[in-house]
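Asker:
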Amino acid sequence: MGLLGALSSRFRIEVYPAIDSTSNELKRRASGGAIDGLVIAAETQSAGRGRHGRTWVDQPGGSLLFSLGWNAPVPAIRLAGLSLAVGVAVCTVLERQGIARTQLKWPNDLLFRHCKLGGILVETINPQANAIDVIIGIGINVRLDESVRDAVAAPVTDLSAAGWAGERHALLAAILLELAPTLDRFALEGFHPFRAAWLARHALQQRNVTIWSSGHEIAAGKAIDIDGDGALLLQTPTGVRRFLSGELTLRPDRPDR
Ligand code: BTN
C-alpha cells in the first residue's frame with residue numbers, strides 16, 4: 004500500500020470481502036507462522052467478536068474492521084495497558100482527520116458524543132520467554148444504517164455522524180502509521196508515556212461510576228485516575244481501589260447486553 008510510505012515493509016495487508024473474524028484469522032495464521040506485521044481487514048465479519056464475549060456488529064462496507072499481529076518483544080506481564088495505548092493512537096488519528104473530541108471509556112471504548120464509535124480487542128497467544136504474539140483487533144463504525152444501529156444494544160454512532168467523509172483504506176493506513184511508533188514505544192516504556200494523553204480523553208474522568216464483571220456489580224465510586232499499568236483507580240467509601248479489568252458504567256446505569 005503506497006499510503007504506508009516508509010513503513011510499507013513493516014505491514015502486510017490482506018483484505019477479505021467476508022470472514023468470520025479478522026482476529027480469528029490471525030489466530031489461525033499464528034499457529035502456522037509469524038503474524039508480526041500481518042494485517043487482516045474485512046468488509047464484513049460473520050462472527051465479529053467484542054469484549055466480554057459480545058458480538059461485534061458491522062455494516063458490510065460501512066465499517067472499518069481489521070486486526071494487526073504483533074510479536075511483542077516483552078513478557079506477557081508487561082502488556083498491561085497496551086489496549087489503552089492503542090486507544091490513544093486511534094483517537095490521535097481521528098483527531099488529525101478532523102474529528103474533534105473523540106473520547107475513551109476505560110478500558111478502551113472509542114466514543115463520540117458519549118456514543119460508541121469503535122472498540123479495541125487485544126488478545127495474546129503463543130507466550131514465549133521474552134516475547135508474545137498479540138492480536139490487536141479494531142472495529143470502527145464508519146457509516147451504519149439505522150437498522151444496524153438498532154441491532155446494537157448500546158448507543159452507537161459512526162464517523163459519518165462525526166462529519167468524516169474520508170476513505171476507509173486511507174484511515175486504515177493512517178492508523179497503522181500511528182500504531183507503529185506506539186507499539187515501539189510501548190515495548191520500551193510500557194503504558195506510562197501514554198497515560199496523560201489517555202486521561203485527557205477519558206469520558207468518565209471524575210464521574211461516579213459502577214464497575215462490573217460478568218454482569219455483576221463489583222464496586223462503585225469516583226473514577227479518579229489510572230496508573231502506569233492502565234489500571235483504573237476508583238475512590239470508594241472504603242478507600243482507593245485498583246482494577247485491571249471490568250466494565251464501567253455511569254451510576255446508576257447497567258452495562259448494555
Ligand atoms: C469491543 O469494544 O468490544 C471491541 C470490539 C473489537 C471489534 C474488532 S472488529 C475487528 C476485530 N475482529 C473481531 O472479531 N473483533 C475485532
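Under our numbering, the first residue of the sequence shown is numbered 4, with each subsequent residue one higher.
All residues carry an ideal CB built from backbone N, CA and C; glycine is no exception.
Figure out for me which residue from Leu202, Leu67, Val60, Ile38 has the closest Cα to the Cα of Ala45.
Answerer: Comparing Cα positions, the closest option is Leu67.
Asker: Going by DSSP, what residue range makes up the beta strand (DSSP E) through Ile141?
Answerer: Looking at the DSSP string, the run of the beta strand (DSSP E) that includes Ile141 is 135 to 144.
Asker: Regarding Leu114 and the ligand BTN, is the C-beta to nearest heavy atom distance less than 7 Å?
Answerer: Checking the Cβ of Leu114 against the ligand BTN gives no.
Asker: Apart from the five residues on each side of it in sequence, which residues of its chain come closer than 8 Å, Cβ to Cβ, to Val60?
Answerer: Around Val60: Gly51, Val151, Ala154, Val155.
Asker: Just checking Gly72 against the ligand BTN - is the residue's beta carbon closer than 7 Å to any of the ligand's heavy atoms?
Answerer: No, the beta carbon of Gly72 sits no closer than 7 Å to any heavy atom of the ligand BTN.
Asker: Hey, is Ser248 close to the ligand BTN, as in C-beta under 7 Å from one of its heavy atoms?
Answerer: Ser248: no, Cβ never under 7 Å from the ligand BTN.
Asker: Measure from the alpha carbon of Asn111 to the alpha carbon of each residue in Arg257, Leu253, Arg254, Gly249, then state which is nearest.
Answerer: The residue with the shortest Cα to Cα distance from Asn111 is Gly249.
Asker: Verify whether the separation of the beta carbon atoms of Gly90 and Ile128 is less than 8 Å.
Answerer: Their beta carbons are not under 8 Å apart, which means Gly90 does not touch Ile128 by this criterion.
Asker: Taking only three categories from DSSP, how would you classify Leu207?
Answerer: The answer is coil: DSSP assigns Leu207 none of H, G, I, E or B.
Asker: In chain order, what are the residue ranges of uninterrupted alpha helix (DSSP H) at least 4 long that sit wholly in the segment 185 to 236?
Answerer: Those alpha helix (DSSP H) runs which fall completely within the segment 185 to 236 and span 4+ residues are 198 to 203.
Asker: Drop a sphere of 10 angstroms on the beta-carbon of Asn144, count the other beta-carbons inside from all chains shown, and report buried for 16 or more, exposed for fewer.
Answerer: Looking at its Cβ environment, which holds 16 or more other Cβ atoms inside 10 Å, Asn144 is buried.
Asker: Are there 16 or more other CB atoms within 10 angstroms of the CB of His205, so buried, or fewer, so exposed?
Answerer: By the 10 Å Cβ count, His205 comes out buried.
Asker: At a cut-off of 7 Å, would you count Thr241 as near the ligand NAD, judging by its Cβ distance to the nearest heavy atom?
Answerer: Judged by which ligands are present, the ligand NAD is missing from the structure shown, whose ligands are the ligand BTN.
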